[in-house]
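Colleague:
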Amino acid sequence: MTKRLTKEEFGIVVLPEGRFNRDGVWFLVELKGMLSLIDSPEDDYSMDIWVLKDSKNYIWAKEYTIDLSMFDLGLDFIILLDHREGEILMDVNAESLEWWHVIFSPAVYGCFVSRSVSPFA
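Counting from 1, position 83 in the sequence shown corresponds to residue 387 in the numbering used here; the numbering is continuous, with no gaps.
1) Roughly how far, in whole angstroms, is the beta-carbon of Ile353 from the beta-carbon of Glu367, given that I think they are within contact range, below 8 Å?
2) When the distance is taken between beta carbons, is Leu341 closer than 8 Å to Trp330?
3) Using a Cβ-Cβ cut-off of 6 Å (strictly less than) and excluding sequence neighbours within five positions of Pro320, which residues of its own chain qualify?
4) Helix, strand or coil, according to DSSP, for Glu321 in the structure here?
5) Output the boundary residues of the beta strand (DSSP E) element that contains Ile342.
6) Kindly indicate the opening and closing residues of the beta strand (DSSP E) around Tyr368.
7) Based on the DSSP secondary-structure assignment, which residues constitute the bridge partners of Ser350?
8) DSSP puts Asp358 in a beta bridge; with which residues?
9) Verify whether the separation of the beta carbon atoms of Met351 and Ser344 is less than 8 Å.
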């Protein structure tokens, strides 16, 4: 459900079509001022990030597929909190907040986190 604060309009957001698994692990977050959907499509070691580009026509774009296998944890333990300039802030296992550099490599997989930018101390 959405609400436009300036006009007090309510509506229902239609979820993205395609590979999105409605029965899988997913959650909604705000990234860069836009409604985003985080989805684990096929296994516990990847994360798709969908962004609602047009709320009137319900146009979603899959911005990233991120390989999380380096964490040895499932998506249940990794929560995406923020994104800026090629880096993502993740809550890992409710134990640490970490900025990670995201590299786009469509020939290999999609996106992956290459290194920790800082342990967010």
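Glycine is no exception: its CB is placed at the ideal position from the N, C-alpha and C atoms.
Note that the structure is a prediction, hence the values are computed from the model and not measured.
Modeller: Checking against the coordinates, here is how it stands:
1) Position 49 of the sequence shown holds residue 353. Position 63 of the sequence shown holds residue 367. Indeed, because the Cβ distance is near 5 Å, the residues count as touching under 8 Å.
2) As a first step, residue 330 must be located in the sequence shown, where it is residue number 26. As a first step, residue 341 must be located in the sequence shown, where it is residue number 37. Yes, the pair counts as a contact, with Cβ atoms nearer than the cut-off.
3) For the purposes of this step, residue 320 is identified with residue 16 of the sequence shown, where counting begins at 1. Within the same chain, Pro320 has close Cβ partners Trp354, Trp364.
4) Here residue 321 is taken as the residue at index 17 of the sequence shown, counted from 1. Coil.
5) Taking the first residue of the sequence shown as position 1, residue 342 is located at position 38. Segment 338-344, the beta strand (DSSP E) holding Ile342.
6) Numbered from 1 along the sequence shown, position 64 holds the residue referred to as residue 368. Run containing Tyr368: 363-371, per the beta strand (DSSP E) assignment.
7) Working through the sequence shown from its first residue, we reach residue 350 at position 46. Paired residues: Asp371.
8) Within the sequence shown, numbered from 1, the residue matching residue 358 stands at position 54. DSSP output for Asp358 lists Ile363 as bridge partner(s).
9) The residue given as residue 351 occupies position 47 in the sequence shown. The residue given as residue 344 occupies position 40 in the sequence shown. It is a contact, given that the beta carbons lie within the stated cut-off.
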